[in-house]
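Top line first, the protein sequences correspond to chains X and E.
Counting in the working numbering, the first sequence runs from 285 upward without gaps.
Counting in the working numbering, the second sequence runs from 285 upward without gaps.
Comments concern the structure below.
Protein chains: 2
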Amino acid sequence: EKVFAVFGLGTFGYEVCTVLSSKGAKVIAVDNQNKLVERIKDDVTQAILMDSTDEELMMSLPLEDIDIAVIAIGDNIEASIITAALLKKLGIPYIIARAISDIHGQVMKQVGANEIINIEIEQGRRIANKLIAPFILDHIPLSANQSLAEIRIPKDFVGKSLHQLDIRKKYNINVLSIKRTKTSIDDHGNPVKEETALSPKPNDILKENDIIVVIGTDKDIDKLKK
Amino acid sequence: EKVFAVFGLGTFGYEVCTVLSSKGAKVIAVDNQNKLVERIKDDVTQAILMDSTDEELMMSLPLEDIDIAVIAIGDNIEASIITAALLKKLGIPYIIARAISDIHGQVMKQVGANEIINIEIEQGRRIANKLIAPFILDHIPLSANQSLAEIRIPKDFVGKSLHQLDIRKKYNINVLSIKRTKTSIDDHGNPVKEETALSPKPNDILKENDIIVVIGTDKDIDKLKK
Ligand SMILES: Nc1ncnc2c1ncn2[C@@H]1O[C@H](COP(=O)(O)OP(=O)(O)OP(=O)(O)O)[C@@H](O)[C@H]1O
Ligand SMILES: Nc1ncnc2c1ncn2[C@@H]1O[C@H](COP(=O)(O)OP(=O)(O)OP(=O)(O)O)[C@@H](O)[C@H]1O
């Protein structure tokens with residue numbers, strides 16, 4: 285059972301804490317803003333109001349229990365760097381830290397962070413890739429010439445069966461799965477999306493917005509573009 | 285050939301612009317900070333210094349050409365909202381906008397944004413999932429009981445061949461691919477990582493840090509945990 289310590293409860297750090305907790309991990313959440321510590325305390329193992337650049341206060345944490353520390357402090361570069369240096373000094377085995385620039389990331393590694401994430405760069409890259417090839421949702425190269433891809437089905441596939449479409453012969457790709465999203469309404473009247481993965485049967489009729497998971501060459505996958 | 289207009293050249297917006305440009309898209313980059321416009325101008329089709337909340341200036345943009353607008357303004361919620369409202373009013377067909385809170389996202393949709401991204405929440409979720417199951421790098425459900433997963437190989441697989449490991453019989457999963465990362469040094473002395481995807485041959489020896497792409501049930505995939 286891993287114990288995580290998250291320093292900084294901005295939107296990013298807060299989400300890290302709540303997702304980790306929802307998956308059963310032990311989470312120690314730290315921030316020097318009272319309202320954030322108060323808001324999270326029922327959702328984590330321990331919520332602590334403190335300045336993570338204060339060495340004495342840091343030494344009062346249950347350090348021997350902490351497996352992984354996440355530094356989720358963005359704008360305050362000084363606090364981010366000092367927090368990393370202290371965690372390293374106090375022997376925390378693994379430190380993953382947010383960096384908001386290349387030089388910030390470099391310094392974080394120099395003072396002891398094992399891993400750096402720049403969330404704006406990662407998201408910028410992800411969004412740009414999604415905008416450029418909107419029909420390809422995921423792309424995993426399997427070998428020099430074979431890939432797995434999740435693709436939104438072209439409009440002219442809607443209402444036809446896999447057998448009718450004869451995809452393997454016509455497009456030279458193998459359909460491993462069909463993903464279909466169903467939207468229902470929860471008790472508060474909010475739309476809830478539910479995605480189901482179905483094994484592809486020859487007489488299944490494809491529906492609008494279906495996603496097919498396929499294996500083939502990149503060239504053949506591209507040919508499916510709407 | 286799609287034309288993108290990106291408003292806001294912070295780290296996120298800047299990355300969106302450069303990745304889109306590197307993939308051959310036409311990019312109009314807008315910001316009201318001169319140094320950011322100057323820095324990006326050689327990497328995009330057009331870089332414009334302007335306040336995107338100014339309706340007259342917005343009308344001077346090549347609006348009929350723009351297919352997709354990306355609003356990459358974070359902290360300045362007012363500017364973000366006004367920019368979306370103007371782009372909607374001026375008939376831009378698709379608007380994707382960054383939101384830094386749920387209410388900000390809701391308002392952006394109300395004033396005309398087609399799609400919202402909260403980069404801190406998405407990254408928080410992604411990092412937490414990666415921390416909880418570090419050996420599983422990607423997980424794609426294929427049907428009710430089959431998934432595709434990218435997994436870091438357990439330590440005791442290192443130095444053995446697929447034939448020796450007899451993975452299909454012993455673990456009941458199918459290896460589709462091996463991903464291996466090679467680190468070389470570029471002309472500036474910086475480490476450059478290169479990932480290759482290899483088709484799995486029975487006598488290939490697995491190396492430390494290899495990633496295998498497998499198909500199997502979630503239960504069988506979990507059993508591979510180090
Ligand atoms: N020395 C410190 N000790 C403890 N917490 C700190 C310290 N310095 C900053 N923080 C906290 O780190 C959190 C994240 O800082 P940041 O400046 O990135 O804020 P943010 O922009 O609200 O975060 P996000 O980008 O995740 O929304 C804040 O809640 C802040 O209170
Ligand atoms: N009215 C406006 N017109 C044009 N550009 C604007 C306007 N308001 C803000 N911007 C620009 O949007 C960019 C992103 O704004 P934000 O406040 O999110 O800055 P940032 O924190 O540097 O961004 P990031 O989180 O991507 O690093 C800034 O470069 C800013 O100059």
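Using N, Cα and C, we set each Cβ at its ideal position, and we do this for glycine too.
Remember, it's a predicted structure, so these values are computed and weren't measured experimentally.
(1) Hey, how far is the Cα of leucine 345 of chain X from the Cα of leucine 449 of chain E?
(2) Nearest CA to the CA of asparagine 398 of chain X: which residue from X:Asn429, X:Ile405, X:Leu371?
(3) Do valine 290 of chain X and aspartate 349 of chain X count as a contact pair if the criterion is CB distance below 8 Å?
(4) Less than 7 Å separating the Cβ of phenylalanine 296 of chain X from some heavy atom of ligand 1?
(5) Nearest chain E C-beta to isoleucine 312 of chain X closer than 8 Å, yes or no?
(6) Taking Cβ to Cβ, would you say serine 461 of chain E is nearer than 8 Å to leucine 482 of chain E?
(7) What separation, rounded to the nearest whole angstrom, lies between the Cα atoms of glycine 396 of chain E and alanine 412 of chain E?
(8) By the criterion of Cβ-Cβ separation under 9 Å, what are the contact partners of isoleucine 332 of chain E in chain X?
(9) Exposed or buried, which one is aspartate 440 of chain X when buried takes at least 16 other CB atoms within 10 Å?
(10) To the nearest angstrom, how far is it from the Cα of glutamine 407 of chain X to the Cα of glutamine 407 of chain E?
(11) Under a three-way DSSP split, which group does asparagine 493 of chain X fall into?
(12) Within the region 398-484 of chain X, note down every full alpha helix (DSSP H) run reaching 4 residues or more, in order along the chain.
(13) Give me whichever residues DSSP pairs with glycine 500 of chain E in a beta bridge.
(14) Considering only residues of the same chain and omitting the five flanking positions on each side of lysine 466 of chain X, which have a CB-CB separation below 6 Å?
(15) Hey, could you find the ends of the beta strand (DSSP E) leucine 333 of chain E is sitting in?
(16) Which value, in whole angstroms, describes the spacing of the CA atoms of alanine 331 of chain E and arginine 452 of chain E?
(17) Suppose contacts are defined by Cβ-Cβ distances below 8 Å. Is asparagine 458 of chain E in contact with isoleucine 416 of chain E by that definition?
(18) Determine the contact status of valine 328 of chain X and alanine 313 of chain X, defining contact as a CB-CB distance below 8 Å.
(19) Going by the CB atoms, is the gap between aspartate 494 of chain E and isoleucine 437 of chain E shorter than 8 Å?
(20) Mind listing the chain X neighbours of proline 425 of chain E? Cutoff is C-beta to C-beta under 7 Å, in chain order.
(21) Run down chain E in chain order and give the residues with a C-beta less than 8 Å from the C-beta of leucine 295 of chain X.
(22) Count the CB pairs spanning the region 315-328 of chain X and the region 422-432 of chain E that are closer than 8 Å, and state whether there are at least three.
(23) Which residues in the same chain have their Cβ closer than 8 Å to the Cβ of asparagine 456 of chain X, if we skip the five residues on either side of it in sequence?
(24) Look up alanine 289 of chain E in the DSSP assignment and say whether it is helix, strand or coil.
(25) If you drop the 5 nearest sequence neighbours on each side, which residues of the same chain put their C-beta closer than 6 Å to that of alanine 383 of chain E?
(26) Which residues in chain E have a C-beta closer than 8 Å to the C-beta of phenylalanine 288 of chain X? List them in chain order.
(27) Quick one: which chain E residues come within Cβ less than 7 Å of serine 461 of chain X?
(28) Beta-carbon within less than 6 Å of serine 468 of chain X's beta-carbon, same chain only, minus the 5 sequence neighbours each way: which residues are those?
(29) Between the beta-carbon of aspartate 488 of chain E and the beta-carbon of leucine 421 of chain E, is there less than 8 Å?
Result, derived from the coordinates:
(1) 44 Å
(2) X:Leu371
(3) no
(4) yes
(5) no
(6) yes
(7) 32 Å
(8) Simply none; closest approach about 19 Å.
(9) exposed
(10) 8 Å
(11) coil
(12) 403-416, 446-449, 451-455
(13) E:Ser431
(14) Glu478
(15) 330-333
(16) 55 Å
(17) no
(18) yes
(19) yes
(20) Ala481
(21) It should be pointed out that residue 295 of chain X corresponds to threonine in this sequence rather than to leucine. Correct list: Ile384, Ser385, Asn402, Glu404, Ile405, Gly408.
(22) no
(23) Gly500, Thr501, Asp504
(24) strand
(25) Gly389, Met392, Ile400, Asn402
(26) Leu415
(27) Leu426, Ser427
(28) Val476
(29) no
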